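Written out below as structure tokens is the structure these notes cover.
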């Protein structure tokens with residue numbers, strides 16, 4: 005059997021620019037909405053001691069003709085031990101031969117594609133003249149979202165970062181300033197972040213970090229960190245004030261706590277969701293109607309995003325002749 009290339013995080017980050025990823029996420033979300041990709045709900049298995057999760061996400065796309073799977077572990081205690089919380093890989097297979105053709109480090113693909121879809125939502129929904137971006141959270145996704153929102157809206161000139169650790173928030177802000185060349189600063193009050201024109205929540209908090217009364221008219225929000233029925237980063241008032249969009253209805257009905265908890269309270273219904281990002285990208289549903297609208301994208305993640313992002317890395321590598329480490 006021939007050697008199969010393995011793309012490590014540093015290579016993935018070098019080959020997959022955020023602009024390219026946002027473009028690929030548009031294709032991925034249209035494919036998911038149009039059902040030209042077959043991807044069953046992800047299989048998530050709790051570890052026997054409840055220390056983490058093991059997840060399997062397979063799928064097959066029509067265009068590009070490729071199939072594969074993402075296999076990852078999620079151990080929330082890992083960051084305290086100096087290890088990534090998410091570890092694993094994406095494996096791609098050739099549609100014609102059935103042969104595995106590449107392995108890609110899973111946490112890098114996850115980080116870039118998650119931020120890339122938020123960038124797509126921001127490109128489709130945020131006002132064209134936005135200048136401020138507020139980030140709740142201090143992990144990998146905080147940095148990735150700073151890059152994606154700047155790529156989606158180059159007018160962004162000022163980024164605010166809030167986290168439960170002010171020291172970590174300050175470190176993230178310093179990284180953003182150095183990497184993107186924009187003014188970024190840590191703030192102690194979450195209300196300041198919530199008052200920005202674009203807001204990204206990328207925390208691990210199970211309870212709201214943002215209140216609806218803090219959000220200004222005309223804002224766009226990307227709610228990313230919560231992905232279970234019992235967790236949410238925004239309160240019910242936030243949802244009721246917003247025009248809400250999801251990656252897929254099926255996924256949202258299973259995992260979008262920000263929507264499911266207001267539904268359980270009797271304050272909201274899934275019929276009030278405007279639609280899927282893929283349909284918005286096609287112009288099939290309404291986007292922002294006025295400068296006063298508050299728009300909100302609910303991200304829970306679907307395998308189409310991983311598959312298309314991984315394929316984009318392979319495509320750029322093949323075109324540029326970039327090398328990857330070879331698996332034994």
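Residue numbers (our numbering): 5 to 332.
Note that CB positions come from ideal geometry on N, CA and C, so glycine has one too.
Computed from a predicted model, the values in this text were never measured in an experiment.
- The criterion of a C-beta distance shorter than 9 angstroms is satisfied by residue 106 and residue 318.
- Sequence-distant Cβ neighbours of residue 300 in its own chain, meaning closer than 6 angstroms and more than five residues away, are 225, 246 and 248.
- Here DSSP, grouped into helix, strand and coil, assigns residue 128 to helix.
- Secondary structure at residue 159: coil, using DSSP grouped into helix, strand and coil.
- Between the alpha carbons of residue 201 and residue 7 lies a distance of about 48 angstroms.
- The count of Cβ pairs closer than 8 angstroms, one atom from the region 38-56 and one from the region 143-157, stays below three, leaving the stretches out of contact.
- If you ignore the 5 residues before and after residue 215, its C-beta comes within less than 6 angstroms of the C-beta of 239, all in its own chain and listed in chain order.
- Secondary structure at residue 30: helix, using DSSP grouped into helix, strand and coil.
- With a cut-off of 8 angstroms on Cβ pairs, the region 81-98 is in contact with the region 55-72, counting three or more such pairs.
- In this structure, the beta-carbon distance from residue 173 to residue 163 does not fall below 9 angstroms.
- Here residue 259 has 231, 232, 233 and 304 as same chain residues with Cβ atoms under 8 angstroms from its own Cβ, once five neighbours each way along the sequence are excluded.
- For the pair residue 204 and residue 137, the CB atoms are nearer than the 9 angstroms cut-off.
- Rounded to the nearest whole angstrom, the CA to CA distance from residue 31 to residue 312 is 8 angstroms.
- With respect to the 9 angstroms criterion, residue 17 and residue 89 are not classified as neighbours on the basis of their beta carbons.
- In the DSSP assignment, the residues bridged to residue 77 are 58 and 91.
- When beta bridges are read from the DSSP output, residue 104 appears opposite 97.
- Residue 199 and residue 135 have their C-alpha atoms some 12 angstroms from each other.
- Under DSSP, residue 139 shares a beta bridge with 165 and 204.
- Counting C-beta atoms within 10 angstroms of its own C-beta, residue 251 has 16 or more neighbours from the protein chains shown and is therefore classed as buried.
- DSSP places residue 299 in the uninterrupted beta strand (DSSP E) bounded by 299-302.
- Taking C-alpha positions only, residue 307 is separated from residue 171 by approximately 34 angstroms.
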